[in-house]
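This report refers to the structure that appears directly beneath it.
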Amino acid sequence: MDSVNDNSEIKLEKTFTLLDDFTPPTYDEWKEKVLADLKGKPFEKLQTKIIEGITLQPIYTKNDLQKLEAKDQFPGFVNNIRGSKVSGYLKDSWLVSQNISYGDPAEFNTALKNDLSKGQTAIYMSLDKAAMLGLDADYAKTEDVGRNGVSISGLNSFSRAMDGINIQKYPLFIQCGFSSVPMLSILNAYCKQERIDIANINGAAEADPITFLASESKLPVSLNFTFEKMSAALSWTKSNAPDIKTINASGLLYNNSGANAVQELSYILASANEYIKKMLEYGFTIDEIIKSLKVTVGIGSSFFTEISKLRALKILWKNLVKPYNAKEESEKVYIHGVTSGFNKTLFDPHINILRVTTEAFSAIMGGIDSLHTSPFDEPFSISNDFSRRIARNTQIILNEEAHFSTPIDPAGGSYFVESLTNELAKSAWKNFQEIEKNGGMIESLKSGIIQDQIRSTVDERNKLISKRKAVIVGTNMYANPTETPIETKPFDHASLQKKRAEFLQKFRTSGELKKNHSILDKLNTLTEKEGSEIIDISSQAILEGATLGEITHSHRAGTSKSIAVEKIVPHRAAEPFEKLRLKVREMEINSGSRPKVFLATIGSIKEYKARADFSRGFFEIAGFEVVYPSGLTEVENAVAETIKSNSKIAVICSTDDKYQEIVPTYVKLLREKNPDIIIVLAGYPKDMVDEYKQNGVDEFIYLGADAYSILNKIINA
0 MDSVNDNSEI
10 KLEKTFTLLD
20 DFTPPTYDEW
30 KEKVLADLKG
40 KPFEKLQTKI
50 IEGITLQPIY
60 TKNDLQKLEA
70 KDQFPGFVNN
80 IRGSKVSGYL
90 KDSWLVSQNI
100 SYGDPAEFNT
110 ALKNDLSKGQ
120 TAIYMSLDKA
130 AMLGLDADYA
140 KTEDVGRNGV
150 SISGLNSFSR
160 AMDGINIQKY
170 PLFIQCGFSS
180 VPMLSILNAY
190 CKQERIDIAN
200 INGAAEADPI
210 TFLASESKLP
220 VSLNFTFEKM
230 SAALSWTKSN
240 APDIKTINAS
250 GLLYNNSGAN
260 AVQELSYILA
270 SANEYIKKML
280 EYGFTIDEII
290 KSLKVTVGIG
300 SSFFTEISKL
310 RALKILWKNL
320 VKPYNAKEES
330 EKVYIHGVTS
340 GFNKTLFDPH
350 INILRVTTEA
360 FSAIMGGIDS
370 LHTSPFDEPF
380 SISNDFSRRI
390 ARNTQIILNE
400 EAHFSTPIDP
410 AGGSYFVESL
420 TNELAKSAWK
430 NFQEIEKNGG
440 MIESLKSGII
450 QDQIRSTVDE
460 RNKLISKRKA
470 VIVGTNMYAN
480 PTETPIETKP
490 FDHASLQKKR
500 AEFLQKFRTS
510 GELKKNHSIL
520 DKLNTLTEKE
530 GSEIIDISSQ
540 AILEGATLGE
550 ITHSHRAGTS
560 KSIAVEKIVP
570 HRAAEPFEKL
580 RLKVREMEIN
590 SGSRPKVFLA
600 TIGSIKEYKA
610 RADFSRGFFE
620 IAGFEVVYPS
630 GLTEVENAVA
640 ETIKSNSKIA
650 VICSTDDKYQ
660 EIVPTYVKLL
670 REKNPDIIIV
680 LAGYPKDMVD
690 EYKQNGVDEF
700 IYLGADAYSI
710 LNKIINA
């Protein structure tokens with residue numbers, strides 16, 4: 000054997016050039032090949048229409064990118080599609096801004112301290128409904144105390160919530176409801192008490208009256224009064240706390256109610272435009288208004304759509320403010336992202352962790368400034384240390400282990416994402432213009448246009464979910480029927496209200512007579528004051544012991560009531576199927592066992608298995624116990640085994656050809672022994688459906704069948 004010379008060089012006979020040897024096909028050549036492979040089926044079979052009404056192409060090329068104006072842009076320039084900062088997240092990462100939904104101020108404080116010490120980088124506080132309405136806890140409806148936020152009724156409760164926390168170190172965001180004046184007054188009083196210069200506070204005490212109106216159907220005060228107080232807050236922060244934003248234009252309510260990406264974007268623009276126009280009327284400049292405004296976006300699980308939605312928002316924002324002659328800095332918008340509640344589930348809830356992870360991925364790739372990732376149990380329980388930790392750590396892992404803060408606009412240049420961004424922006428702008436033609440966001444809520452648009456989208460979503468063309472893993476597909484639902488912890492509003500009332504009674508204005516007179520004088524002064532001065536006077540009254548309810552009552556003296564609109568109600572897409580599961584579980588508790596479905600697997604394994612597997616999955620999504628025997632060769636044997644199983648439902652599983660000889664005999668014999676049993680056929684042989692119905696078949700299950708309607712009918716039979 001010849002020895003190998005280690006010093007010899009191995010050379011190619013000629014230069015290897017990949018592009019010369021493998022010439023990339025043109026789009027037309029690719030399409031010609033695809034049409035041949037489709038064998039007569041239309042090319043449109045490869046296109047996908049998404050819920051936003053946009054048709055996705057099977058392939059995107061460089062030519063698609065060349066059509067777009069933004070193709071040559073850099074981060075931090077022009078329309079900010081690639082991010083508002085040149086350095087992306089390299090210098091300043093997004094804020095881990097988790098909303099801690101504990102009603103008791105002391106419990107909120109304990110959780111916040113823990114979470115800030117373990118990676119949270121911003122303080123986010125949402126007031127409960129009572130505080131948003133301007134009511135002290137002991138004067139509010141019981142169900143409003145601790146509802147969706149912290150119960151704050153004055154300086155003492157806010158002090159307990161912030162005890163031991165350096166609010167100058169962390170950005171502070173407070174969701175105030177329809178007006179931020181009462182909470183700004185409390186925050187200002189707290190800063191004076193703690194000798195903190197409020198000018199050093201960064202964050203928001205945000206008002207969003209349009210969202211409050213849409214979610215509650217009305218405001219407790221007139222719209223004019225609401226905007227007067229919005230202007231007072233804007234004027235006061237401009238002079239005293241320039242880094243505190245006071246206005247929020249949110250799409251979260253609409254997202255959580257089932258609106259699609261185009262609708263959510265257009266509603267954010269329309270809401271922001273309402274606020275801009277109103278504040279311009281009060282004499283502010285466009286740049287002063289934008290500096291005090293942030294937007295909140297819901298982040299769903301359609302990965303590329305959500306990335307594109309956030310990028311589209313930046314284009315749309317510039318289009319919105321440019322006609323107002325805004326400065327370049329005002330063309331950038333602060334975006335707070337919140338993972339959507341619409342797609343979360345009660346059953347198999349740990350899948351919610353995966354959903355939130357992809358949503359956080361999309362939010363970061365899309366360029367949010369701050370983000371709340373929902374704990375997996377948030378839709379149905381009070382989140383605990385474990386679920387909060389998992390939610391918080393999702394962001395930390397994406398940042399510190401996956402290094403998502405390193406690439407700058409990683410989606411930039413993607414033929415698909417850039418094209419989808421452009422399509423979403425165009426569609427959202429068109430819908431925004433329609434809203435404006437109708438008089439704006441408030442008028443469109445009054446006329447029901449917004450509600451009708453969302454209802455139409457939800458109806459379309461429900462059809463897809465019911466027919467399982469849209470899959471909710473663990474709910475309408477791949478369910479675990481033996482799963483025990485996670486223990487839910489309904490909030491004890493009555494207990495919290497009682498506890499809060501005890502605190503309030505100690506501090507209500509019934510102590511020192513001289514002090515009370517001073518407070519009452521200040522409160523009486525408030526009824527006569529307008530503008531930003533009310534925040535200074537309110538702060539002084541709060542420092543002397545006035546409560547949130549007392550100053551709010553004084554603010555509103557003589558104001559009229561608001562308009563009413565049809566309420567927009569957040570809900571979860573999985574709820575209809577979850578109700579089926581819960582109904583079956585109730586039947587199990589009452590009877591001691593789950594209702595059974597018997598699969599009459601007749602023939603060889605090749606003949607019955609595909610449809611039997613499908614049938615098992617179909618009925619397991621409602622929680623039925625499925626009896627799945629090996630192949631039954633004789634119809635008589637199948638009938639005997641069905642009766643023996645004591646099942647409520649029997650499903651015939653075999654081939655279409657075999658059904659012609661099986662169905663008449665099986666149904667006849669089974670009906671003779673059990674007239675009340677529900678008989679289902681796996682499949683839908685169109686030519687034989689009517690005949691099989693005459694034979695006694697009750698239902699047909701198949702790909703594309705309305706699973707929800709069929710299961711609901713069977714359960715309630």
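Count the sequence shown with numbering that gives the first Met the number 0 and you get residues 0 to 716, in order.
For glycine and all other residues, C-beta sits at the position ideal for the given N, C-alpha and C.
- Task: Take F415 and list the residues in its own chain whose beta-carbon comes closer than 7 Å to its own, dropping the five residues that flank it on each side.
- Result: Translated into positions along the sequence shown, residue 415 becomes position 416. Non-local C-beta neighbours of F415 in its own chain, meaning closer than 7 Å and more than five positions away in sequence, comprise Y59 and F303, ordered along the chain.
- Item | Same chain, Cβ closer than 6 Å to H492, neighbours up to 5 away in sequence not counted | Counting from one through the sequence shown, the residue named residue 492 turns up at place 493. Sequence-distant Cβ neighbours of H492 in its own chain, meaning closer than 6 Å and more than five residues away, are T141, E142, V144 and G145.
- Proximal residues to Y691 (C-beta, below 7 Å), its chain only, five neighbours per side dropped: On the sequence shown, position 692 is the one that residue 691 refers to. Apart from sequence neighbours up to five positions away, the residues of its chain that approach Y691 with a beta-carbon distance below 7 Å are V662 and L680, ordered along the chain.
- Task: Leaving aside the five residues before and after W428 along the sequence, list all residues of the same chain whose C-beta is less than 7 Å from its C-beta, in chain order.
- Result: Counting from 1 along the sequence shown, the entry for residue 428 is found at position 429. Close CB contacts of W428 within its chain, under the 7 Å cut and outside five residues either way in sequence, are with L315 and N318 (chain order).
- Task: Figure out for me which residue from I713, W93 and V320 has the closest Cα to the Cα of M364.
- Result: In the sequence shown, residue 364 corresponds to position 365, counting from 1. Answer by Cα proximity: W93.
- Could you pull the start and end residues of the beta strand (DSSP E) that N247 belongs to? Translated into the one-based positions of the sequence shown, residue 247 becomes position 248. That run of the beta strand (DSSP E) goes I243 to S249.
- Message: By alpha-carbon positions, which one of I536, E227 and G257 ends up nearest to E280?
- Response: By 1-based counting over the sequence shown, the position of residue 280 is 281. Here the closest residue by C-alpha is E227.
- At what residues does the beta strand (DSSP E) containing H717 begin and finish? Since the first and last residues shown for the chain are 0 and 716, residue 717 lies out of range.
- State yes or no: is the C-beta of S100 within less than 8 Å of the C-beta of N147? Numbered from 1 along the sequence shown, position 101 holds the residue referred to as residue 100. Numbered from 1 along the sequence shown, position 148 holds the residue referred to as residue 147. Cβ distance < 8 Å, so S100 and N147 count as in contact.
- Message: Rounded to whole angstroms, what is the Cα-Cα separation between P628 and E606?
- Response: Position 629 of the sequence shown, counted from the start, is the residue given in the question as residue 628. Position 607 of the sequence shown, counted from the start, is the residue given in the question as residue 606. Cα to Cα, P628 sits roughly 14 Å from E606.
- Item | Buried versus exposed, by CB contacts within 10 Å (16 or more), P480 | As a working mapping, residue 480 is identified with position 481 in the sequence shown. Counting other Cβ atoms within 10 Å of its Cβ, P480 reaches 16 or more and is therefore classed as buried.
- Do I604 and V634 come within 8 Å of each other at the CB atom, strictly closer than that value? Reading the sequence shown from its first residue, position 635 is the one you call residue 634. Reading the sequence shown from its first residue, position 605 is the one you call residue 604. A distance of 8 Å or more separates the beta carbons of V634 and I604.
- Task: Please classify L512: is it buried, with 16 or more other beta-carbons within 10 angstroms of its beta-carbon, or exposed?
- Result: Sequence index remark: in the sequence shown, residue 512 carries index 513 (1-based). For L512, the predicted structure reports a pLDDT of 45, less than 50, and the residue's modelled location is therefore unreliable. The matter cannot be settled from this model.
- Query: With 16 as the cutoff for other CB atoms within 10 Å, does M0 come out buried or exposed?
  - Reply: As a working note, residue 0 is residue 1 in the sequence shown. Bear in mind that the predicted position of M0 carries a pLDDT of just 46, short of 50, making it unreliable; the figure below should be weighed with that in mind. In summary, M0 is exposed, with fewer than 16 beta-carbon neighbours lying within 10 Å of its beta-carbon over all protein chains present.
- Indicate whether the contact test is met: 3 or more Cβ pairs, each with one atom in the stretch 117-126 and one in the stretch 157-175, closer than 8 Å. At 8 Å Cβ cutoff, the stretches touch.
- Query: Alpha carbon to alpha carbon, how far is E28 from K313?
  - Reply: Against the sequence shown, residue 28 aligns to sequence position 29. Against the sequence shown, residue 313 aligns to sequence position 314. E28 and K313 have their C-alpha atoms spaced approximately 36 Å apart.
- Item | Contiguous beta strand (DSSP E) assignments of at least 3 residues, all confined to the stretch 541-606 | Counting whole runs of 3 or more residues, the stretch 541-606 contains the beta strand (DSSP E) stretches 595-600.
- Item | Per-residue burial, I588 [other beta carbons within 10 Å of its own, 16 or more giving buried] | Sequence index remark: in the sequence shown, residue 588 carries index 589 (1-based). The residue in question, I588, is exposed, as its Cβ has fewer than 16 Cβ neighbours within 10 Å.
- Excluding sequence positions up to five away, which residues of its chain have a Cβ less than 7 Å from the Cβ of S265? In the sequence shown, residue 265 corresponds to position 266, counting from 1. Same-chain partners within the cutoff: A427, N430, F431 and I434.
- Can you tell me the Cβ-Cβ gap for G250 and V296, rounded? I've got them flagged as a contact below 8 Å. Position 251 of the sequence shown holds residue 250. Position 297 of the sequence shown holds residue 296. Indeed, because the Cβ distance is near 5 Å, the residues count as touching under 8 Å.
- Message: Do A231 and I714 have their beta-carbon atoms positioned less than 8 Å apart in this structure?
- Response: Numbered from 1 along the sequence shown, position 715 holds the residue referred to as residue 714. Numbered from 1 along the sequence shown, position 232 holds the residue referred to as residue 231. Not closer than 8 Å, so no.
- Message: Suppose you measure from the CA of K84 to the CA of T16; what does that come to, to the nearest Å?
- Response: The residue labelled residue 84 in the question sits at position 85 within the sequence shown. The residue labelled residue 16 in the question sits at position 17 within the sequence shown. Computed Cα separation, rounded: 39 Å.
- Item | Residues near R670 by beta carbon distance below 7 Å, same chain, minus five either side | One-based indexing of the sequence shown puts residue 670 at position 671. Within the same chain, Cβ atoms closer than 7 Å to the Cβ of R670 are found at G695, the five residues on either side in sequence being excluded.
- Message: By the DSSP assignment, the beta strand (DSSP E) with M124 in it spans what residues?
- Response: In the sequence shown, counting from the first residue as 1, residue 124 sits at position 125. Per DSSP, the continuous beta strand (DSSP E) segment holding M124 begins and ends at I122 to S125.
- Item | Inter-stretch contact at 8 Å, needing at least 3 Cβ pairs: the stretch 547-562 / the stretch 204-224 | With contact defined as three or more Cβ pairs closer than 8 Å, the stretch 547-562 and the stretch 204-224 are in contact.
- Query: If you drop the 5 nearest sequence neighbours on each side, which residues of the same chain put their C-beta closer than 6 Å to that of K466?
  - Reply: Locating residue 466 in the sequence shown gives position 467, where the first residue counts as 1. The residues are G703 and D705.
- Message: Given this structure, state the Cα-to-Cα distance separating E574 from L345, to the nearest angstrom.
- Response: Indexing the sequence shown from 1 puts residue 574 at position 575. Indexing the sequence shown from 1 puts residue 345 at position 346. Using only the alpha carbons, I get a separation of about 8 Å.
- Item | Spatial neighbours of F157 in its chain, beta-carbon cut-off 6 Å, leaving aside the 5 residues before and after | Counted from its first residue, the sequence shown places residue 157 at position 158. For F157, where only same-chain residues beyond five positions count, the Cβ hits under 6 Å are I151, I185 and Y189.
- Task: Grab me the residues of G548's own chain with a C-beta within less than 7 Å of its C-beta, minus the 5 sequence neighbours each way, in chain order.
- Result: Taking the first residue of the sequence shown as position 1, residue 548 is located at position 549. Once the five neighbours on either side are set aside, the close Cβ partners of G548 are G133, L134, D135, Y138 and S152.
- Task: Output the residue ranges of the alpha helix (DSSP H) runs that lie fully inside the stretch 440-486 and measure 4 residues or longer, sorted by chain position.
- Result: DSSP runs (the alpha helix (DSSP H)) wholly in the stretch 440-486: 440-446 and 448-465.
- Item | Continuous beta strand (DSSP E) stretch holding Q192: start and end | One-based indexing of the sequence shown puts residue 192 at position 193. If you look at Q192, you'll find it isn't in any beta strand (DSSP E); it sits in the alpha helix (DSSP H) that goes V180 to Q192.
- Cβ neighbours of S404 in the same chain (closer than 6 Å, five flanking residues each side left out): Within the sequence shown, the letter at position 405 stands for residue 404. Once the five neighbours on either side are set aside, the close Cβ partners of S404 are Y88, S92 and N398.
- Which word fits V149, buried or exposed, when buried means at least 16 other C-beta atoms lie within 10 angstroms of its C-beta? Counting from 1 along the sequence shown, the entry for residue 149 is found at position 150. Answer is buried; the Cβ neighbour count reaches 16.
- Item | Contact set for N645: own chain, Cβ-Cβ below 7 Å, skip 5 residues either direction | Along the sequence shown, read from residue 1 onward, the residue named residue 645 stands at position 646. Around N645: K595.
- Item | Simplified DSSP assignment, three categories, for E532 | Start at 1 with the first residue of the sequence shown, and residue 532 comes out as number 533. Correct three-state label for E532: helix.
- Task: Check whether the Cβ atoms of A500 and I620 lie closer than 8 Å to each other.
- Result: Residue numbering aside, residue 500 sits at position 501 when the sequence shown is read from its first letter. Residue numbering aside, residue 620 sits at position 621 when the sequence shown is read from its first letter. No, the pair does not count as a contact, with Cβ atoms beyond the cut-off.
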